[in-house]
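K.L.:
In the order they appear, the protein sequences are chains E and X.
64 is the number of the first residue of the first sequence in this note's numbering; add one for each residue after it.
542 is the number of the first residue of the second sequence in this note's numbering; add one for each residue after it.
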Amino acid sequence: MPQMSIAEALRQAIREEMARDATVFCLGEDIGVPGGFGGAFTVTLGLSDEFGHERILDTPISELGLTGIAVGAAMAGLRPIADVQYGDFLFLAMDQLANQAAKMTYMSGGTVKVPLVMRAPVGATARGSQHAQSLEAFFCHVPGLKVLAPSTAYDAKGLLKAAVRDDNPVIIFEHKLLYGSKGPRTEKGALSPIGEVPDEDYVVPIGQGIVRRAGRDVTIVGKLLTVYRALEAAAILAEEGVEAEVIDPRTLVPLDKRLILESVRKTGRLVIVEEDNLTGGWASDVAAIVAEEAFWWLDAPVKRVSAPDVPPPFAPPMEQLYVPSAQRVVAAVRSLL
Amino acid sequence: MPTDVIVPPLGQTVDTLTFVSWYKQEGEAVRAGEPLFVVETDKATLDVEAPAGGVLRQVTARPGDEVAVLSVIAVIAGKAEGELEEFGGAHGSSEELRGNQDVSGAGEGPAQASGVQPSSPPRLLASPRARRLADRAGVPLQDVSPTGPEGAIVERDVRAYLGARGAEGEPAEPAITPVARRMAEEAGLDWHRLRGSGPAGRIVRGDVDRALTGTAPPAPATAAPGLAPADLLDTIPLRSVRAVIAQRMLQSHRETAPVTLTAEADAGRLVALRQDLRSRDLDVSYNDLLLAILARCLQEHPRLNASLVDDQIHLWRRVDIGLAVDTERGLLVPVVRDVAAQGLRQLARQTRLLAERARSGQLTPDELQGGTFTLTNLGMYGIDAFTPLVNLPETAILGVGRIKEQAVWVRDHVEGRPTVWLSLTFDHRLVDGGPAARFLQAVVRYVEEPHLLLA
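1) What's the C-alpha gap between proline 247 of chain E and histidine 116 of chain E?
2) With burial defined as no fewer than 16 other Cβ atoms inside 10 Å of the residue's Cβ, what is the status of tryptophan 345 of chain E: buried or exposed?
3) Tell me the rounded alpha-carbon separation between alanine 212 of chain E and phenylalanine 236 of chain E.
4) Is it right to say tryptophan 962 of chain X is buried, meaning 16 or more other beta carbons lie within 10 angstroms of its own, or is it exposed?
5) Near glycine 633 of chain X, which residues of its chain fall below 7 Å by C-beta distance, leaving aside the five closest residues on each side in sequence?
6) Taking a contact to mean a Cβ-Cβ separation below 9 Å, would you say threonine 928 of chain X touches glycine 863 of chain X in this structure?
7) To the nearest angstrom, how far is the alpha carbon of aspartate 229 of chain E from that of leucine 551 of chain X?
8) For the putative contact between leucine 223 of chain E and alanine 165 of chain E, defined by C-beta atoms under 8 Å, what is the C-beta separation to the nearest angstrom?
9) Quick one: which chain E residues come within Cβ less than 8 Å of glutamate 575 of chain X?
10) Could you round the C-beta distance between aspartate 280 of chain E and glutamate 306 of chain E to whole angstroms and report it? I think they count as a contact, below 8 Å.
11) Using the rule of at least 16 other Cβ atoms within 10 Å of the residue's Cβ for burial, across every protein chain shown, is tyrosine 42 of chain E buried or exposed?
12) Give me the Cα-Cα distance between threonine 586 of chain X and leucine 895 of chain X, rounded to the nearest whole angstrom.
13) Residue range of the alpha helix (DSSP H) that aspartate 775 of chain X falls in?
14) Comparing C-alpha positions only, which one of E:Glu308, E:Val260, E:Asp348 and E:Gln271 sits nearest to glutamine 66 of chain E?
15) When Cβ atoms are compared, which residues of the region 361 to 372 of chain E fall closer than 9 Å to chain X?
16) Quick one: is valine 985 of chain X buried, meaning 16 or more other Cβ sit within 10 Å of its Cβ, or exposed?
17) What is the C-beta distance between threonine 282 of chain E and valine 327 of chain E, in whole angstroms, given that I count them as a contact (C-beta under 8 Å)?
18) For the region 928 to 948 of chain X and the region 891 to 906 of chain X, state whether three or more C-beta atom pairs, one from each stretch, are separated by less than 8 Å.
19) What is the rounded straight-line gap between the Cα of glutamate 691 of chain X and the Cα of threonine 905 of chain X?
20) Could you tell me the distance, in whole angstroms, from the CA atom of glutamate 382 of chain E to the CA atom of alanine 219 of chain E?
21) If we cut at 9 Å on Cβ distances, does arginine 672 of chain X have a partner in chain E?
22) With hydrogens ignored, establish whether the beta-carbon of tryptophan 345 of chain E is closer than 8 Å to any heavy atom of the ligand COA.
23) With 9 Å set as the bound, which would you pick, yes or no: does the beta-carbon of serine 59 of chain E sit closer than that to a beta-carbon of chain X?
24) State yes or no: is the beta carbon of phenylalanine 201 of chain E nearer than 9 Å to at least one beta carbon in chain X?
25) Tell me, please, which residues DSSP counts as bridged to glutamine 853 of chain X.
26) With DSSP as the reference, please indicate the residues paired to methionine 181 of chain E in a beta bridge.
27) Give me the subset of the region 690 to 707 of chain X whose CB atoms are less than 7 Å from a CB atom of chain E, sorted by chain position.
28) Taking C-alpha atoms, which residue in X:Ala804, X:Val955 and X:Val850 lies nearest to alanine 933 of chain X?
29) Based on the DSSP secondary-structure assignment, which residues constitute the bridge partners of glutamate 524 of chain X?
30) Using a Cβ-Cβ distance cut-off of 9 Å, determine whether valine 561 of chain X contacts chain E.
31) Assign glutamine 786 of chain X to one of three DSSP states: helix, strand, or coil.
32) Indicate whether the contact test is met: 3 or more Cβ pairs, each with one atom in the region 591 to 610 of chain X and one in the region 375 to 394 of chain E, closer than 8 Å.
33) Below 9 Å between beta carbons: does that hold for arginine 722 of chain X and isoleucine 694 of chain X?
34) Can you list, in chain order, the residues of its chain with a C-beta nearer than 6 Å to that of alanine 183 of chain E? Leave out the 5 residues immediately preceding and following it.
35) Name the chain E residues whose beta carbon is nearer than 8 Å to that of serine 668 of chain X?
36) My guess is that threonine 936 of chain X and alanine 804 of chain X are in contact by the Cβ rule of under 8 Å, so how many angstroms apart are they, rounded?
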C-alpha cells in the first residue's frame, strides 16, 4: 500500500473526485498557476496540468469573492472545493460561509443545497498572530456547517472525499505542520506524519471519531496537531504506570459524542487539548457535554489544555510557550490523579 | 421560625421511602424550591424541593435510611437562627470550637483553613464517581480516607474501603501496611493497583517488592477458602426495586401452581400487517399488536382475566395488561388500562410513553399495580420459549419469543415462514389446562390471522 503525506493524500482525493464527478472543481489563490507551488502547501500541485485551468480556478486575492463564487456554484449544481491559503483569512469570507452557505438549505425549506467544501490550513508556524490561529471553534458554532479535522493521511483522503460527496457545506481544517509538504514549502518543525493510504476509492464517514491509543486511567481528546501531543504525553505517562486513552474525533461537527462519553465512563478522567485559545473554545464545548452527560462517572474535574487567551505570538520562544506541549498535557493529567 | 423538612407522601399505599441522598449539606444555604434531597419509592426515584429558603440544619436522614412518610428529616433555619446556633451552642471562642471538631477522615476544603465557619462540619469533597459507588455499596463517605486531588475522595478510596473491610464489619483500615506504602511511594509506584497477599487482602512489603521487580505474587500460605474481600467487584444492596422484585418472584414461585404451555404460531401475516402499518407512519410494535390480540382473547376467555382475592376468583370486566419493561434499576411492569377500548394508535403511544417513564424512573406506584394479565417479550434477545412467573394476584402471563424464519411444511412443500413461540404460564390453582390451552389456541389463531380481530 502506498505511503503518503497528508498533502499527497489530499491531492489524490481531489484528483479522484474530479475524475469521478465532472461537477467537482477547485478554486483558490495560486492553486494552479504554472510554476506555482500548487496552493500554499502543495496540495493542488500538478492538478492544473491534469484538469486544466477551468477546473483548477485561480482567483484574485479575495476570500469573500472566491467563497461567494463557491456558494453560488454549489447552489447552481456544481461541487466546488474552495480553499484559503491561511485559515485566518476565513474571517473575510464569514458572511458567505455563516450567513449564506450555512443557512441557505434551511431558509429555502430544503429546496436549495450548498454542497461546497472549504479547505483551510491552521496552526502556529512562526508567521505571526494573523497567520497562526486555530479557529475551528468559530465554525463549530454555526449551525448548518459540518467541520472536519483530519490528522492522518488516511483520514485526510477519506474525509475530503466524504466532504465532496456530502450535500452540506463542509469546512475542513488541516494543520500546517502536518501536511508533510516538501521542497520549498517544507515547514520548520513539521511533524509530517506519513501513513498508508489505499490507492482505491474509500471514504471515512463524517461524524466518526477514532481511539488512537487505548487506556484505562484517563481520556485525552485532541484534534489535528494536538492528537500527536496527546500521544507523546501518553507515552510519558505510560512510564509512570498511567495508561491514557487518546481519542481523535476526526469530525468536530457532528461530534462523535458517544465515543468520548464511553471512554470517560471507563476512565473517569478527561483532559482536552487544543491549539485554540481557552475562552469560548472547542475544548469548553466538549467539557460541557461530558459534564452534562457523564457527570456521575467523573472521578476528577475535566481539564482543558488550550493556548492562553492572547493572540499567537511571533517570536519563536513565545510561540513555544503559547502552543500546548506534551509536557503541559502530562501535568494536567497528573493533577487529576 | 425554622421550617420542617418532611418526607412527602407519594402514592396511596406507601408508608416508608428509601432516602437516597442530599443535594445540600448541613449548614449549606438553601433556596426555596430548589431540589434538596432524593427519595426512592418501590419503583421510582424522585427529587424533593426545599420548602423554604435558609440554612439546612439538624439533618437526620442518611443515604440508605428507610424514612417514614411525613416524618421530619431536617429543618431549614433562617439566617439569623443559624448564626445564633453557631455561637450560642458552645460557650467557647471560635478556636475552641475548631479544636472540638473531628476532622479525621474527611477532606478539608480551603475555606475551612481560614476558619470562617467554625462550627459546621468540614465539607466532604468526593467525586461523583466515588459518591455513586459509595451510595450503591452503602459506604459512609465520612469514613473513607481521601487520596484524590484537592483532598477529595475518589473512586479508588471507596474501593479501598470496601476491600479493606473485614467480614464482621470492623472499621476500615488502610489496605496497605505503612512499610509497604512508604516503599511504594518512594519508588513512585501506584500501590492502589496491587493485589494484597497479606491479611484481609492488605498490601504488604512483599507485594511492593514483587511489583517493583516484576514477579508474580505467591499463592498465600493459608489461603482463605472462597473469595477474599479484594475479589469484590461491586455490591448491590437488596433494596427498593430489587427487594420488591425478589419478594414478589419468590411469592409467585411459592404460592402458585405454575404450568407453562408453549405453542408456535405462524407470524407471517402479523409481520406483514406491522410492516404495512409502519409504511403508513403508524409505528406499532409487536407488543402493541399482541396487546390488542390479548384483549380480545381475554374477553373471550374471562377465566384467564382473573385474580385471586382472599379465597375468591374475581373475573374482571375490563382488560388491564401489564407490560414488562427491562430498566437499569430492574424489571418494572407498568399497566396499560382498558386495552380493549383502545385502538392501535393509542396503544402504541401509551406503551412508548410508559416504557420511557419506566426507564427514567418516573412511574408512580399506582401505574405499577392493578393489572389483570401480563405480557412479557424477550424476543429482542433471541429467546424462543421460556417460563415466566405469574404476576400475582393475576392468573396468567404470556411470554413472547423471537420471530424467526423457519422451514415449515405448507400443505405439500416446505416454505420459509416467520414463526414465533408463545409461552403461557398459568396458575393451575385457578384455571385448568384445558381452558388455558384453549386461550392460547385463540391467541395463536389471532396471531396467525389478525384480520379476524375485525370479525
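The C-beta atom is built at its ideal place from N, Cα and C for all residues, glycine as well.
P.N.:
Per the coordinate set shown:
1) About 23 Å.
2) Result: buried.
3) Near 5 Å, if we compare the C-alpha coordinates of phenylalanine 236 of chain E and alanine 212 of chain E.
4) Classification for tryptophan 962 of chain X: buried.
5) Residue confidence for glycine 633 of chain X is low, a pLDDT of 39 falling below 50, so the modelled location carries little weight; the figure read from the coordinates is stated next. Here the set comprises nothing.
6) For threonine 928 of chain X and glycine 863 of chain X, no; Cβs fall outside 9 Å.
7) When rounded, the separation of the alpha-carbon atoms in aspartate 229 of chain E and leucine 551 of chain X is 53 Å.
8) In fact, because the Cβ distance is near 20 Å, the residues do not count as touching under 8 Å.
9) In chain E, no part has a C-beta under 8 Å from the C-beta of glutamate 575 of chain X; the shortest such distance is about 18 Å.
10) Between glutamate 306 of chain E and aspartate 280 of chain E the Cβ distance is about 5 Å, and since that is below 8 Å, they are a contact.
11) Coverage of chain E is limited to positions 64 through 400, which leaves residue 42 of chain E absent and any answer about it impossible.
12) Rounded to whole angstroms, threonine 586 of chain X to leucine 895 of chain X spans 15 Å at the Cα level.
13) Secondary structure note for aspartate 775 of chain X: it is in no alpha helix (DSSP H), with a DSSP letter that is neither H nor E.
14) Among E:Glu308, E:Val260, E:Asp348 and E:Gln271, the Cα nearest to that of glutamine 66 of chain E is on E:Val260.
15) The region 361 to 372 of chain E vs chain X, Cβ under 9 Å: Leu361, Asp362, Ala363 and Pro364.
16) Classification for valine 985 of chain X: buried.
17) Correct: roughly 5 Å between the Cβ atoms.
18) The region 928 to 948 of chain X vs the region 891 to 906 of chain X: no contact.
19) The straight-line gap from Cα to Cα measures roughly 41 Å.
20) The straight-line gap from Cα to Cα measures roughly 26 Å.
21) Taking a beta-carbon distance threshold of 9 Å, arginine 672 of chain X counts as an interface residue toward chain E.
22) The ligand COA is absent from the structure shown, which contains no ligand whatsoever.
23) Chain E is shown only over 64 to 400; residue 59 of chain E falls outside these bounds and no answer can be derived.
24) Not closer than 9 Å to any Cβ of chain X, the Cβ of phenylalanine 201 of chain E fails to qualify, so no.
25) As DSSP reads the structure, glutamine 853 of chain X sits in a beta bridge with X:Val850.
26) E:Ala145 and E:Ile234, per the DSSP bridge assignment.
27) Flagged, chain order: Pro690, Val695 and Glu696.
28) The residue you asked about is not alanine; residue 933 of chain X is leucine in the sequence shown. Checking every option, the nearest Cα to that of leucine 933 of chain X belongs to X:Val850.
29) Here chain X comprises residues numbered 542 to 996, so residue 524 of chain X is not present and cannot be evaluated.
30) Contact of valine 561 of chain X with chain E is not assigned, every C-beta pair being separated by 9 Å or more.
31) Here residue 786 of chain X is isoleucine; the residue named in the question, glutamine, does not match the sequence. The answer is helix: DSSP assigns isoleucine 786 of chain X an H, G or I state.
32) The answer is no - the region 375 to 394 of chain E does not touch the region 591 to 610 of chain X, with fewer than three Cβ pairs under 8 Å.
33) The beta carbons of arginine 722 of chain X and isoleucine 694 of chain X sit no closer together than 9 Å.
34) Around alanine 183 of chain E: Val147, Gly150, Leu153 and Phe236.
35) Those are Gly331, Leu361, Asp362 and Ala363, listed as they occur along chain E.
36) So it is not a contact: roughly 18 Å between Cβ atoms.
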